[in-house]
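Before any comments, here is the structure.
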Amino acid sequence: MAQKKLIILSRRPELPSVVLLVEAAQRLDVTPVILSIDEVIVERVAKDVRSVEIRTQDGALLTPPALVLPRMGSISDEYSLTVLRAFEAAGFAEVNSAGALMHVRNKVTALIELASAGFPVLPFALLRTPSDVSAAAKKLGGFPLMVKFIRGAQGLGVMKAGDAATAEAIVGAFNALGFDVYLERFCPPRRSRDARLLVVRGKVLAAMERVRGRNDYRSNVHKGARPKSCEPTEDECAVATRVARHFKLGLCAVDFLRTPDGEFILEVNASPGFTGISEATGRDIAEETLRKLLGLRGKAKRS
Ligand SMILES: Nc1ncnc2c1ncn2[C@@H]1O[C@H](COP(=O)(O)OP(=O)(O)O)[C@@H](O)[C@H]1O
Ligand SMILES: [Mg+2]
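Here the sequence shown stands for residues -4 to 298, where the numbers follow my numbering.
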């Protein structure tokens, strides 16, 4: 059944992908409510309430049915997930649940789950002590290697270390600052390509390649990579949909690194952006995504 009420949970409604979603919703005659996690109150006061109630700051009660679309990214904190859990308890339908977001926001727990379920991931090592870096690096295939934040996005916290001294310094410095990092085998840009598949409600809706900028080893659109349309392979589609099902994500992007040694899942992003993939495909992916999420018929117009 079509759902005509949409609540977008975002702390930053000015972000381009949120703006695209809001505009798309309006075109679909759905009135979106944009709420910041910090502006709602979750309460359990009245005895006759089944679970909890959710109010806006002016005291208005938010009531289901409505579809809640969380836009939180990997930096979603404990508080955001708690509020999202409350929406679920209050009877709202969610695109991605707090439990599902918990699993993928930490890249290493996601990699562990993916590896355990038999999905291809790059060799990685999680460690805390800088003097353990050299031995781990050898097993990963030597330098350069990647040192990455356990939780990061948009290429931030993805660092290439050319030698042991640099990797040890990065591990030591970030640990001291309270940022956990892990090591990962590096695939040189000339030998790898980066493909993103967008999965909505269990089906691949669109795909793109992200072509790195000249001076960067990262292919994030935020880091100047150029989005380009691409045809995903049958294998990639099958893996991406299985990954979405595994993590119970109604909306996600599954990123692959295509290398001569095969394809590896780089990360699973539960708040994927819509600008790059719309540019790559020449389609209005925000609108197509909303149609699928809300169960509306028809196809989006080509933009
Ligand atoms: N092990 C790797 N080898 C080569 N390139 C990598 C590797 N890991 C990441 N990259 C590049 O850096 C980009 C950002 O890495 P990713 O793990 O997706 O972090 P983020 O969550 O910040 O996007 C990737 O899209 C890819 O282009
Ligand atoms: Mg990424």
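Don't be surprised by glycine CBs; every beta carbon is placed ideally from N, CA and C.
Open item on the list: Distance check for LEU135 and SER298, CA to CA, integer angstroms please.
Closed with: With a pLDDT of 42 at SER298, under the threshold of 50, the modelled position of that residue is not reliable, and the figure given next carries that caveat. Taking the straight line joining both Cα atoms gives about 44 Å.
Under three-state DSSP, which class holds SER46? SER46 falls in the coil class under three-state DSSP.
Measuring alpha carbon to alpha carbon, tell me which residue in GLU48, ALA233, VAL99, TYR212 is nearest PHE87.
GLU48
### Task
For my contact list, GLU179 and MET141 are in at a C-beta cut-off of 8 Å; report their separation, rounded to the angstrom.
4 Å
Would the beta-carbon of ASN215 be found less than 7 Å away from any heavy atom of ligand 4?
No copy of ligand 4 appears in this structure; the ligands present are ligand 1 and ligand 2.
Opening and closing residue of the alpha helix (DSSP H) in which LYS143 lies: LYS143 -> not in any alpha helix (DSSP H); beta strand (DSSP E) instead, spanning 140 to 144.
For LEU151, three-class secondary structure by DSSP:
coil
| said: Between which residues of its own chain and GLY150 is the CB-CB distance below 7 Å, once the five residues before and five after are set aside? | reply: Hits under 7 Å: ARG213, ASN215, HIS217, LYS218.
*Measuring alpha carbon to alpha carbon, tell me which of GLY277, CYS182, LEU244 ends up nearest PRO65.*
LEU244
### Task
Can you have a look at SER111 and say buried or exposed, based on whether 16 or more other CB atoms are within 10 angstroms of its CB?
exposed
Exposed or buried, VAL40, counting other C-beta atoms within 10 Å across all chains shown (16 or more means buried)? exposed
*Where the alpha helix (DSSP H) through CYS247 begins and ends*: No alpha helix (DSSP H) contains CYS247, which is instead part of the beta strand (DSSP E) from 246 to 254.
* **C-beta atoms of ARG50 and VAL35 nearer than 8 Å** => yes
Ignoring anything shorter than 3 residues, give me the beta strand (DSSP E) runs that lie fully in the segment 1 to 33, in order along the chain. 26 to 30
Q.
Here's a check: name, in chain order, each residue in its chain whose Cβ is nearer than 6 Å to the Cβ of PHE269, leaving out the five neighbours to either side.
A. SER12, LEU15, ILE280, ALA281
*asked:* If distances are taken between C-alpha atoms only, which option among ARG6, GLU9, LEU117 comes closest to TYR177?
replied: LEU117
Handout entry: Three-way DSSP call (helix, strand, coil) for ASN91 in this model
Key = strand
* Asked: Whole beta strand (DSSP E) runs in the segment 200 to 282 with 3 or more residues, listed along the chain?
  -> 221 to 224, 246 to 254, 257 to 264
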